[in-house]
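Residue numbers (the working numbering): 214 to 429.
Beta carbons: idealized from backbone N, C-alpha and C, even for Gly.
The structure presented is a predicted model; accordingly, all values stated were derived computationally and were not measured.
Read the structure below first, then the notes.
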(Lines of atoms letter the chains of each structure in order from A and count residues from 1; the text may use other names and numbers.)
(Lines give C-alpha, C1' and ligand atoms only; values in the text may rest on other atoms or scores of the structure.)
Protein backbone atom coordinates (compact mmCIF):
# COMPACT_ATOMS: atom_id res chain seq x y z
CA UNK A 1 0.00 0.00 0.00
CA UNK A 2 2.75 2.44 0.96
CA UNK A 3 4.77 1.74 -2.19
CA UNK A 4 1.72 2.14 -4.43
CA UNK A 5 0.92 5.40 -2.70
CA UNK A 6 4.51 6.58 -3.23
CA UNK A 7 4.33 6.44 -7.00
CA UNK A 8 0.92 8.10 -7.03
CA UNK A 9 2.07 10.88 -4.71
CA UNK A 10 5.38 11.47 -6.47
CA UNK A 11 3.69 11.60 -9.85
CA UNK A 12 1.06 13.98 -8.47
CA UNK A 13 3.83 16.23 -7.14
CA UNK A 14 5.31 16.54 -10.62
CA UNK A 15 1.93 17.20 -12.21
CA UNK A 16 0.91 19.68 -9.51
CA UNK A 17 4.18 21.62 -9.83
CA UNK A 18 3.36 22.45 -13.42
CA UNK A 19 -0.41 22.77 -13.17
CA UNK A 20 -0.40 26.51 -13.86
CA UNK A 21 2.07 26.16 -16.72
CA UNK A 22 2.38 24.29 -19.97
CA UNK A 23 2.64 20.70 -18.77
CA UNK A 24 5.54 19.32 -20.82
CA UNK A 25 4.06 15.82 -21.15
CA UNK A 26 0.99 13.80 -22.09
CA UNK A 27 -0.86 11.47 -19.74
CA UNK A 28 -1.48 7.84 -20.60
CA UNK A 29 -2.41 4.66 -18.78
CA UNK A 30 1.15 4.31 -17.40
CA UNK A 31 1.55 7.98 -16.50
CA UNK A 32 3.57 10.70 -18.23
CA UNK A 33 4.93 10.21 -21.76
CA UNK A 34 6.10 12.36 -24.70
CA UNK A 35 7.95 14.46 -22.14
CA UNK A 36 9.81 17.62 -23.00
CA UNK A 37 11.42 20.18 -20.67
CA UNK A 38 9.88 23.50 -19.70
CA UNK A 39 11.13 26.38 -17.55
CA UNK A 40 9.99 25.87 -13.97
CA UNK A 41 11.50 29.06 -12.52
CA UNK A 42 13.40 32.01 -13.97
CA UNK A 43 14.82 34.32 -11.32
CA UNK A 44 17.24 37.22 -11.00
CA UNK A 45 18.17 39.22 -7.92
CA UNK A 46 19.04 42.91 -7.89
CA UNK A 47 22.65 42.04 -6.98
CA UNK A 48 23.14 40.10 -10.21
CA UNK A 49 22.47 36.47 -9.31
CA UNK A 50 20.61 34.63 -12.07
CA UNK A 51 19.00 31.21 -11.65
CA UNK A 52 16.96 29.21 -14.16
CA UNK A 53 15.48 25.85 -13.22
CA UNK A 54 13.98 23.37 -15.65
CA UNK A 55 11.29 20.76 -15.08
CA UNK A 56 12.25 17.22 -14.09
CA UNK A 57 11.93 14.01 -16.10
CA UNK A 58 9.03 12.07 -14.59
CA UNK A 59 9.88 8.43 -13.88
CA UNK A 60 7.28 5.78 -14.65
CA UNK A 61 7.22 1.99 -14.64
CA UNK A 62 7.72 2.16 -18.43
CA UNK A 63 10.73 4.50 -18.68
CA UNK A 64 12.64 3.40 -15.56
CA UNK A 65 13.18 0.53 -13.15
CA UNK A 66 10.70 2.03 -10.71
CA UNK A 67 7.95 -0.33 -9.50
CA UNK A 68 5.27 -0.15 -6.84
CA UNK A 69 7.66 -2.12 -4.60
CA UNK A 70 10.48 0.44 -4.82
CA UNK A 71 11.52 2.25 -1.64
CA UNK A 72 12.61 5.35 -3.53
CA UNK A 73 11.31 7.35 -6.47
CA UNK A 74 13.65 9.65 -8.46
CA UNK A 75 13.30 12.52 -10.92
CA UNK A 76 16.14 14.29 -12.78
CA UNK A 77 16.32 17.88 -14.03
CA UNK A 78 18.83 20.65 -14.71
CA UNK A 79 19.43 24.14 -13.33
CA UNK A 80 21.83 26.89 -14.37
CA UNK A 81 23.06 29.86 -12.34
CA UNK A 82 25.39 32.80 -12.81
CA UNK A 83 26.78 35.42 -10.44
CA UNK A 84 27.57 38.66 -12.25
CA UNK A 85 29.87 37.94 -15.18
CA UNK A 86 31.24 34.70 -13.77
CA UNK A 87 30.99 31.47 -15.81
CA UNK A 88 27.68 29.63 -15.87
CA UNK A 89 27.28 26.83 -13.33
CA UNK A 90 25.04 23.86 -14.09
CA UNK A 91 23.61 21.39 -11.60
CA UNK A 92 21.89 18.07 -12.11
CA UNK A 93 18.97 18.17 -9.68
CA UNK A 94 17.87 14.80 -8.30
CA UNK A 95 14.56 14.67 -6.47
CA UNK A 96 14.20 11.63 -4.21
CA UNK A 97 10.91 10.68 -2.55
CA UNK A 98 10.06 7.91 -0.09
CA UNK A 99 7.16 6.79 2.09
CA UNK A 100 9.00 3.70 3.37
CA UNK A 101 11.99 5.27 5.15
CA UNK A 102 11.97 7.50 8.23
CA UNK A 103 14.24 10.17 6.75
CA UNK A 104 16.16 11.02 3.59
CA UNK A 105 19.61 12.51 3.22
CA UNK A 106 22.48 12.87 0.79
CA UNK A 107 25.78 14.12 2.19
CA UNK A 108 27.82 16.92 0.67
CA UNK A 109 30.35 15.46 -1.80
CA UNK A 110 28.42 12.17 -2.02
CA UNK A 111 29.09 10.65 -5.46
CA UNK A 112 26.69 9.99 -8.29
CA UNK A 113 27.48 7.70 -11.22
CA UNK A 114 25.77 7.98 -14.60
CA UNK A 115 26.20 5.14 -17.10
CA UNK A 116 25.52 6.09 -20.72
CA UNK A 117 24.31 3.82 -23.51
CA UNK A 118 27.88 3.42 -24.78
CA UNK A 119 28.87 2.35 -21.20
CA UNK A 120 30.87 5.51 -20.51
CA UNK A 121 30.50 6.52 -16.85
CA UNK A 122 30.20 10.11 -15.62
CA UNK A 123 30.97 10.81 -11.95
CA UNK A 124 29.45 13.79 -10.16
CA UNK A 125 29.46 15.04 -6.56
CA UNK A 126 26.71 16.58 -4.45
CA UNK A 127 27.22 20.32 -3.83
CA UNK A 128 25.53 20.56 -0.42
CA UNK A 129 23.89 18.21 2.03
CA UNK A 130 20.21 17.56 1.26
CA UNK A 131 18.09 16.31 4.14
CA UNK A 132 14.49 15.74 5.22
CA UNK A 133 13.95 14.44 8.76
CA UNK A 134 10.48 15.89 9.22
CA UNK A 135 8.48 14.70 6.24
CA UNK A 136 4.85 15.40 5.46
CA UNK A 137 1.80 13.43 6.53
CA UNK A 138 -0.01 12.15 3.46
CA UNK A 139 -2.34 9.63 5.11
CA UNK A 140 -3.60 9.78 8.68
CA UNK A 141 -5.54 6.56 8.17
CA UNK A 142 -2.42 4.55 7.32
CA UNK A 143 0.03 6.80 9.24
CA UNK A 144 2.09 7.43 6.10
CA UNK A 145 4.74 10.16 5.90
CA UNK A 146 6.40 11.32 2.70
CA UNK A 147 10.03 12.49 2.76
CA UNK A 148 11.41 14.53 -0.14
CA UNK A 149 14.83 15.97 -0.97
CA UNK A 150 16.43 17.59 -4.00
CA UNK A 151 20.16 16.88 -4.16
CA UNK A 152 22.19 19.05 -6.54
CA UNK A 153 25.22 17.68 -8.38
CA UNK A 154 27.56 20.07 -10.17
CA UNK A 155 27.94 19.05 -13.82
CA UNK A 156 30.10 20.50 -16.61
CA UNK A 157 28.89 21.49 -20.08
CA UNK A 158 31.09 18.76 -21.50
CA UNK A 159 29.37 16.09 -19.42
CA UNK A 160 25.93 17.48 -20.27
CA UNK A 161 26.81 17.14 -23.96
CA UNK A 162 27.48 13.44 -23.37
CA UNK A 163 24.00 12.88 -21.93
CA UNK A 164 22.46 13.01 -25.40
CA UNK A 165 23.97 9.55 -25.98
CA UNK A 166 21.33 8.29 -23.55
CA UNK A 167 21.35 7.31 -19.88
CA UNK A 168 21.23 3.63 -19.04
CA UNK A 169 21.65 3.70 -15.27
CA UNK A 170 22.45 5.93 -12.31
CA UNK A 171 23.90 5.13 -8.90
CA UNK A 172 23.34 7.41 -5.93
CA UNK A 173 24.41 7.39 -2.30
CA UNK A 174 21.19 7.99 -0.34
CA UNK A 175 21.08 7.55 3.45
CA UNK A 176 24.71 6.37 3.12
CA UNK A 177 23.61 3.42 0.96
CA UNK A 178 24.14 2.68 -2.73
CA UNK A 179 20.97 3.05 -4.78
CA UNK A 180 20.84 1.94 -8.41
CA UNK A 181 18.13 3.18 -10.76
CA UNK A 182 17.82 2.13 -14.39
CA UNK A 183 16.33 4.03 -17.31
CA UNK A 184 14.97 2.90 -20.68
CA UNK A 185 13.40 4.47 -23.73
CA UNK A 186 9.61 4.56 -23.84
CA UNK A 187 7.82 5.94 -26.89
CA UNK A 188 9.71 9.21 -27.57
CA UNK A 189 11.02 9.51 -24.01
CA UNK A 190 14.66 9.10 -22.98
CA UNK A 191 16.00 10.88 -19.92
CA UNK A 192 19.41 11.76 -21.41
CA UNK A 193 17.86 13.39 -24.48
CA UNK A 194 15.41 15.22 -22.20
CA UNK A 195 18.26 16.65 -20.11
CA UNK A 196 20.28 17.71 -23.15
CA UNK A 197 17.26 19.51 -24.58
CA UNK A 198 16.73 21.13 -21.18
CA UNK A 199 20.36 22.28 -21.13
CA UNK A 200 19.77 24.30 -24.30
CA UNK A 201 16.45 25.61 -23.00
CA UNK A 202 17.70 26.89 -19.63
CA UNK A 203 20.90 28.33 -21.14
CA UNK A 204 18.85 30.35 -23.63
CA UNK A 205 16.46 31.53 -20.91
CA UNK A 206 19.32 32.74 -18.72
CA UNK A 207 21.01 34.54 -21.63
CA UNK A 208 17.77 36.44 -22.32
CA UNK A 209 17.46 37.80 -18.79
CA UNK A 210 17.87 41.56 -18.52
CA UNK A 211 19.42 43.53 -15.68
CA UNK A 212 17.34 44.97 -12.84
CA UNK A 213 17.81 48.53 -14.14
CA UNK A 214 17.30 47.83 -17.86
CA UNK A 215 14.24 49.50 -19.38
CA UNK A 216 13.39 51.46 -16.22
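Alpha carbon to alpha carbon, how far is residue i from residue j?
| i | j | result |
| --- | --- | --- |
| residue 331 | residue 410 | 19 angstroms |
| residue 257 | residue 424 | 8 angstroms |
| residue 392 | residue 405 | 19 angstroms |
| residue 407 | residue 356 | 36 angstroms |
| residue 386 | residue 370 | 23 angstroms |
| residue 318 | residue 309 | 9 angstroms |
| residue 337 | residue 261 | 27 angstroms |
| residue 259 | residue 426 | 9 angstroms |
| residue 422 | residue 374 | 23 angstroms |
| residue 253 | residue 289 | 13 angstroms |
Taking C-beta to C-beta, are residue i and residue j nearer than 8 angstroms?
| i | j | result |
| --- | --- | --- |
| residue 328 | residue 334 | yes |
| residue 362 | residue 343 | yes |
| residue 277 | residue 396 | yes |
| residue 284 | residue 313 | yes |
| residue 311 | residue 365 | no |
| residue 271 | residue 244 | yes |
| residue 246 | residue 399 | yes |
| residue 428 | residue 403 | no |
| residue 237 | residue 249 | yes |
So, for residue i: in the same chain, excluding its five sequence neighbours on each side, which residues have a beta-carbon less than 6 angstroms away from its beta-carbon?
| i | result |
| --- | --- |
| residue 265 | 255, 293, 415, 418 and 419 |
| residue 346 | 316 |
| residue 372 | 335 |
| residue 295 | 263 and 301 |
| residue 349 | 359 |
| residue 239 | 246 and 247 |
Under DSSP, the alpha helix (DSSP H) around residue i begins and ends at which residues?
| i | result |
| --- | --- |
| residue 341 | No alpha helix (DSSP H) contains residue 341, which DSSP labels as neither H nor E. |
| residue 386 | Not the alpha helix (DSSP H): residue 386 falls in the beta strand (DSSP E), residues 380 to 387. |
| residue 417 | 404 to 420 |
Give every residue of the same chain whose Cβ lies closer than 7 angstroms to the Cβ of residue i, excluding the five residues on either side of it in the sequence, and list them in chain order.
| i | result |
| --- | --- |
| residue 280 | 274 |
| residue 383 | 325, 326, 327 and 394 |
In the DSSP assignment, find the unbroken beta strand (DSSP E) run with residue i in it and report its ends.
| i | result |
| --- | --- |
| residue 268 | 262 to 270 |
| residue 313 | It is not in any beta strand (DSSP E) - residue 313 carries neither H nor E in the DSSP assignment. |
| residue 172 | Outside the modelled stretch of the chain, which goes from 214 to 429, sits residue 172, for which no answer is possible. |
| residue 324 | 324 to 329 |
| residue 246 | 244 to 246 |
| residue 237 | Per DSSP, residue 237 belongs to no beta strand (DSSP E) and is neither H nor E. |
| residue 424 | Residue 424 -> no beta strand (DSSP E), and no H or E assigned at all. |
| residue 296 | 286 to 296 |
| residue 393 | 390 to 395 |
If I measure Cβ to Cβ from residue i and keep anything under 8 angstroms in the same chain, skipping five residues before and after, which residues do I get?
| i | result |
| --- | --- |
| residue 321 | 339, 340, 341 and 342 |
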